[in-house]
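> Each residue of the sequence shown is one higher than the one before, counting from 278 in the working numbering.
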Amino acid sequence: MTKFGPSGNSASFTNEGHISTLEAFEWVKNRGLDLFEYSLGQGVRIGEATAKTFGEEAKRCGIEISVHAPYFINFASVEEIKVLNSINYILQSLSVLKAFGGTRCVFHPGSENGMPRGEAFLRTLKGVELMAQAKAEHGFDSLIVCPETMGKIAQIGTVDEIIELCKIDKTIYPCIDFGHINAREGGILKTKDDYKRILDKLIDGVGFEKTSNMHVHFSKIEYTIKGEKRHLTFADTVFGPEFEPLAEALIEYKLSPHILSESAGTQAEDAKYMKDVYFNLLVSKQN
């Protein structure tokens with residue numbers, strides 16, 4: 278079943294007086310949502326005991342937790358120590374994810390760092406292959422890692438590149454950030470057919486099962502000629518993309534992704550909007 282939730286806490290969560298993320302799972306549940314993405318972007322700073330407590334509370338509330346690995350990861354680096362550190366960041370993130378009782382870890386693959394694109398991507402492929410080996414050796418076979426499509430031109434993470442990374446291992450699934458794709462490509466996502474072209478490419482590249490169960494990030498994003506500039510809210514009417522055509526495409530293709538809102542401060546509100554749009558459309562198609 279398609280599920281929805283916020284990436285991190287909305288401004289309204291703290292405005293209502295909540296302090297600890299431990300309170301977020303009940304809060305998200307009460308808003309009719311299913312998922313919560315916990316950011317480890319600035320480093321893995323949560324202990325195992327706390328992570329287990331969070332996981333128990335999330336389970337009680339029926340909320341599935343995913344994690345976002347540290348932003349420092351760069352599998353394209355020419356420095357071996359940075360690649361090894363990137364592998365370690367993934368392993369640390371998976372340890373937290375396991376304590377949470379979750380199954381999905383999102384990560385940014387890397388960046389060009391002045392290298393030719395082809396060389397940077399080959400380095401990324403090799404680094405992710407090493408990570409997949411380390412992941413198996415450390416007993417994390419049951420956990421899924423999700424390389425993310427990226428919004429800036431110089432970052433590794435086109436749809437084609439993510440497809441190739443997902444071919445490395447059966448536990449590597451795509452994280453498709455449609456806001457990033459739209460920003461990177463200068464606003465290409467406008468119609469259902471625009472979304473279907475991406476879904477067709479994914480199904481051809483990684484198969485129906487991985488596409489159906491992909492991880493999705495969605496937000497409207499301001500962009501320049503260099504790609505992503507900043508995340509917006511669904512109040513934006515200039516940059517897009519719009520969610521409704523994607524919902525139509527997902528229903529037509531009978532896909533069941535996890536969809537996380539990354540809106541700027543309105544993650545939960547916009548996640549609920551997407552869930553309502555999706556299920557209202559689904560019901561209308563069935564009648």
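A virtual CB, placed ideally from N, CA and C, is assigned to each residue, including glycine. Bear in mind the structure is a predicted one, so any value in this text is a computation, not a measurement.
(1) Let me know the secondary structure DSSP gives ILE528 once reduced to three states.
(2) So, are the CB atoms of VAL422 and PHE384 less than 8 Å apart?
(3) Just checking, does the segment 324-344 make contact with the segment 301-311 on the three C-beta pairs under 8 Å criterion?
(4) What residue range does the beta strand (DSSP E) around GLY504 cover?
(5) Within the same chain, show all residues whose beta-carbon is closer than 6 Å to that of LYS329, passing over the 5 residues directly before and after it, in chain order.
(6) Which residue spans inside the segment 427-452 form an unbroken alpha helix (DSSP H) run of at least 4?
(7) I need the DSSP call for ASP311, collapsed to helix, strand or coil.
(8) In angstroms, rounded to a whole number, what distance separates the CA positions of PHE349 and GLU525?
(9) Does DSSP classify ARG381 as helix, strand or coil?
(10) For HIS415, which residues from the same chain have a beta carbon less than 7 Å from its beta carbon, with the 5 sequence-adjacent residues on both sides left out?
(11) For VAL554, name the three-state secondary structure that DSSP assigns.
(12) Where does ASP547 sit, in a helix, a strand or coil, going by DSSP?
(13) What's the gap between the Cα of LYS473 and the Cα of LYS531?
(14) In three-state DSSP terms, what is THR330?
(15) Excluding five sequence neighbours on each side, which residues of the same chain lie with their C-beta closer than 7 Å to the C-beta of GLY379?
(16) If I measure Cβ to Cβ from VAL405 and keep anything under 8 Å in the same chain, skipping five residues before and after, which residues do I get?
(17) Are there 16 or more other CB atoms within 10 angstroms of the CB of ASP418, so buried, or fewer, so exposed?
(18) Using the three-state DSSP reduction, which class does GLY282 fall into: helix, strand or coil?
(19) Taking 8 Å as the cut-off, decide whether the C-beta atoms of GLN544 and PRO283 are in contact.
(20) Give the secondary structure of SER561 by DSSP, where H, G and I count as helix, E and B as strand, and everything else as coil.
(21) Closest to PRO347 by C-alpha separation, out of SER363, LEU374, GLY484, would be which residue?
(22) Considering only C-alpha positions, which residue in the set GLU529, PHE516, ALA301, ARG381 is nearest to PHE455?
(23) Using only CA atoms, which one of GLY428, THR291, ILE480, GLU539 lies nearest to SER496?
(24) Taking ILE475 and ILE458 to be in contact with their CB atoms under 8 Å, please state how far apart those CB atoms are, rounded to whole angstroms.
(25) Just the C-alpha distance for LYS336 and GLU303, rounded to the nearest angstrom, thanks.
Looking at the coordinates:
(1) helix
(2) yes
(3) yes
(4) 504-508
(5) ALA376
(6) 436-443
(7) coil
(8) 35 Å
(9) strand
(10) LEU368
(11) helix
(12) helix
(13) 12 Å
(14) helix
(15) GLU341, ILE342, SER343, VAL344
(16) PHE352, PRO386, PRO424, LEU442, ILE445, ILE449
(17) exposed
(18) strand
(19) yes
(20) helix
(21) SER363
(22) PHE516
(23) GLU539
(24) 7 Å
(25) 10 Å
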